[in-house]
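Enquirer:
2 protein chains.
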Amino acid sequence: MSEGPIQHLYPDAVAHCYGCGHLNEDGHHFETVWDEETDEGVTRFTPQPHHMAIPGYVYGGLIASLLDCHGIGTAAAAVRRARGSDHELRYVTASLTVDFLKPTPLGPELEARGTVVEMKERKVVVDVRMLADGVECARGRVIAVRMPEGMARSG
Amino acid sequence: MSEGPIQHLYPDAVAHCYGCGHLNEDGHHFETVWDEETDEGVTRFTPQPHHMAIPGYVYGGLIASLLDCHGIGTAAAAVRRARGSDHELRYVTASLTVDFLKPTPLGPELEARGTVVEMKERKVVVDVRMLADGVECARGRVIAVRMPEGMARSG
């Protein structure tokens with residue numbers, strides 16, 4: 017693995033995301049690291065017992081959240097690797113698609129793996145697979161775009 | 017409006033969804049009611065301050081969660097209206113798509129409005145618009161399928 021979670025490199029002004037911001041005290045704290053061997057972003061997360069759809073299975077909205085932040089994190093990490101550390105790191109989601117392939121068991125750690133399938137100046141497309149106990153339970157696509165200038169408040 | 021939130025009619029064994037289950041003490045408690053005038057399902061929800069993407073804007077994963085549960089609730093309510101109260105009410109998400117049209121301001125109540133665009137025996141497709149202060153900030157599609165038999169634990 018690499019230098020640590022990409023989310024820890026986000027500027028403080030944009031590090032409060034409920035899903036992945038390390039400054040959001042109430043959030044999930046998803047963390048995306050780079051797997052050098054497979055050239056993928058990887059996020060691991062163990063849901064809480066109340067994150068259920070029905071007893072025994074993970075809530076789909078949490079899976080959508082995981083894929084969303086993981087796609088954004090993978091996009092940022094890939095751009096940083098391709099263009100250097102000074103490139104703007106913060107992307108936002110233009111579009112999210114999630115296909116729920118099978119019910120996701122509640123209990124095991126989930127693993128999201130993201131592959132960059134397109135990288136343009138202001139747009140990155142990431143395909144994501146999500147596994148539980150090694151079984152692919154969901155997959156999706158995140159279209160990430162550079163955060164619009166002026167969206168982030170200073171300070 | 018109608019007889020109340022469709023989620024309150026779900027059997028107790030499948031009423032623990034983190035997004036919309038009235039028996040999940042830690043969840044969002046999304047509630048979907050039917051608007052007789054427009055023939056749409058409607059869910060209203062005010063995010064908490066920590067549900068942010070960056071300061072001032074709503075977290076996309078929460079929007080995805082809202083659209084997901086709202087699509088499922090709209091599907092269930094529409095089927096109940098079309099086929100009677102004894103029809104199985106509980107659907108799960110096969111696929112979710114969310115297009116984030118513009119940043120969603122954090123503060124105002126959000127309104128999701130769902131329209132059934134296809135209804136088959138085991139599959140319902142719902143298109144959803146999400147508004148904040150009357151402005152459409154996101155839209156999406158939920159493909160809902162009947163919950164597989166045996167997925168819900170008894171009791």
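Respectively, the protein sequence lines represent chains A and B.
Here this note's numbering is used: position 65 in the first sequence is 81, and no number is missing along the way.
Here this note's numbering is used: position 22 in the second sequence is 38, and no number is missing along the way.
By construction, the Cβ of each residue, glycine as well, lies at the ideal position given by its N, Cα and C atoms.
What did DSSP end up calling Gly77(B) once you bin it into helix, strand or coil?
Expert: Counted from its first residue, the second sequence places residue 77(B) at position 61. Of the three classes helix, strand and coil, the one that applies to Gly77(B) here is helix, per DSSP.
Enquirer: Since His38(A) and His44(A) are thought to touch, with beta carbons under 8 Å apart, how far apart are those beta carbons, to the nearest angstrom?
Expert: By one-based count along the first sequence, residue 38(A) stands at place 22. By one-based count along the first sequence, residue 44(A) stands at place 28. No, His38(A) and His44(A) are not in contact; Cβ-Cβ is about 11 Å, not under 8 Å.
Enquirer: For Arg2(B) and Tyr107(B), I'd like the C-alpha separation in whole angstroms.
Expert: Outside the displayed span of chain B (17 to 171) sits residue 2(B), for which this structure offers no information.
Enquirer: By alpha-carbon positions, which one of Cys85(B), Pro63(B) and Gly77(B) ends up nearest to Leu112(A)?
Expert: As a first step, residue 112(A) must be located in the first sequence, where it is residue number 96. For the residues Cys85(B), Pro63(B) and Gly77(B), the minimum Cα distance to Leu112(A) belongs to Gly77(B).
Enquirer: Looking only at C-alpha atoms, which of Val74(B), Arg99(B), Glu104(B) and Thr59(B) sits nearest to Pro27(B)?
Expert: One-based indexing of the second sequence puts residue 27(B) at position 11. The shortest Cα separation from Pro27(B) among Val74(B), Arg99(B), Glu104(B) and Thr59(B) belongs to Glu104(B).
Enquirer: Please confirm whether Phe116(A) has its beta-carbon closer than 7 Å to some beta-carbon of chain B.
Expert: The count along the first sequence starts at 1 and reaches residue 116(A) at position 100. With 7 Å as the cut-off, Phe116(A) counts as an interface residue toward chain B.
Enquirer: Return helix, strand or coil for Thr59(A), following the three-state DSSP convention.
Expert: For this step, residue 59(A) is matched to residue 43 along the first sequence. If DSSP states are grouped into helix, strand and coil, Thr59(A) belongs with the strands.
Enquirer: Under the DSSP definition of a beta bridge, which residues are partnered with Met146(A)?
Expert: If you number the first sequence from 1, residue 146(A) lands on position 130. Bridge partners of Met146(A): Ala128(A) and Ala154(A).
Enquirer: Quick one: list the residues of chain A neighbouring Val2(B), beta-carbon separation under 9 Å, in chain order.
Expert: Outside the shown range of chain B (17 to 171) lies residue 2(B), about which nothing can therefore be said.
Enquirer: Using C-beta distances below 7 Å, list every residue in its chain close to Ala98(B), excluding the 5 sequence neighbours before and after it, in chain order.
Expert: Numbered from 1 along the second sequence, position 82 holds the residue referred to as residue 98(B). Excluding sequence neighbours, Ala98(B) sits near Met135.
Enquirer: DSSP puts Val176(A) in a beta bridge; with which residues?
Expert: Any answer about residue 176(A) is impossible in this case: the structure gives chain A only from 17 up to 171.
Enquirer: May I ask which residues mark the beginning and end of the beta strand (DSSP E) holding Thr113(B)?
Expert: Stepping through the second sequence from its first residue, residue 113(B) is reached at position 97. Where Thr113(B) is concerned, the enclosing beta strand (DSSP E) stretches over Tyr107 to Phe116.
Enquirer: State the Cα-Cα distance for the pair Leu126(B) and Glu53(A), rounded to the nearest angstrom.
Expert: In the second sequence, residue 126(B) corresponds to position 110, counting from 1. In the first sequence, residue 53(A) corresponds to position 37, counting from 1. Their backbone Cα atoms lie some 43 Å apart in a straight line.
Enquirer: What does DSSP give as the partner residue(s) for Asp51(A) in the beta ladder?
Expert: Working through the first sequence from its first residue, we reach residue 51(A) at position 35. According to DSSP, Asp51(A) bridges with Glu56(A).
Enquirer: What residue from Met167(A), Asp143(A), Thr48(A) and Gly166(A) has the CA that sits closest to Ala92(A)'s CA?
Expert: The residue given as residue 92(A) occupies position 76 in the first sequence. Taking only the C-alpha atoms, the option nearest Ala92(A) is Thr48(A).
Enquirer: Going along the chain, which residues of its own chain have a beta-carbon closer than 8 Å to the beta-carbon of Met163(A), five neighbours each way excluded?
Expert: The residue you call residue 163(A) lines up with position 147 of the first sequence. Closer than 8 Å at the Cβ level, and outside the excluded window around Met163(A), lie Val30, Glu104, Arg106, Tyr107 and Val108.
Enquirer: Strictly under 7 Å for the Cβ-Cβ distance: is Tyr34(A) near chain B by that measure?
Expert: Position 18 of the first sequence holds residue 34(A). So yes, Tyr34(A) belongs to the interface.
Enquirer: By the criterion of Cβ-Cβ separation under 7 Å, what are the contact partners of Tyr107(A) in chain B?
Expert: Within the first sequence, residue 107(A) is the residue found at index 91, counting from 1. Ordered by position in chain B, no residue passes the 7 Å Cβ test against Tyr107(A), which lies about 11 Å from the chain.
Enquirer: Between Asp149(A) and chain B, is the shortest Cβ-Cβ distance under 7 Å, so that the two count as touching?
Expert: Locating residue 149(A) in the first sequence gives position 133, where the first residue counts as 1. No, its Cβ sits nowhere closer than 7 Å to a Cβ of chain B.
Enquirer: Can you grab the Cα-Cα spacing for the pair Glu35(A) / Gly166(A), in whole Å?
Expert: The residue you call residue 35(A) lines up with position 19 of the first sequence. The residue you call residue 166(A) lines up with position 150 of the first sequence. The amino acid occupying residue 35(A) in the given sequence is Gly; Glu does not appear at that position. Going by the C-alpha atoms only, they are around 22 Å apart.
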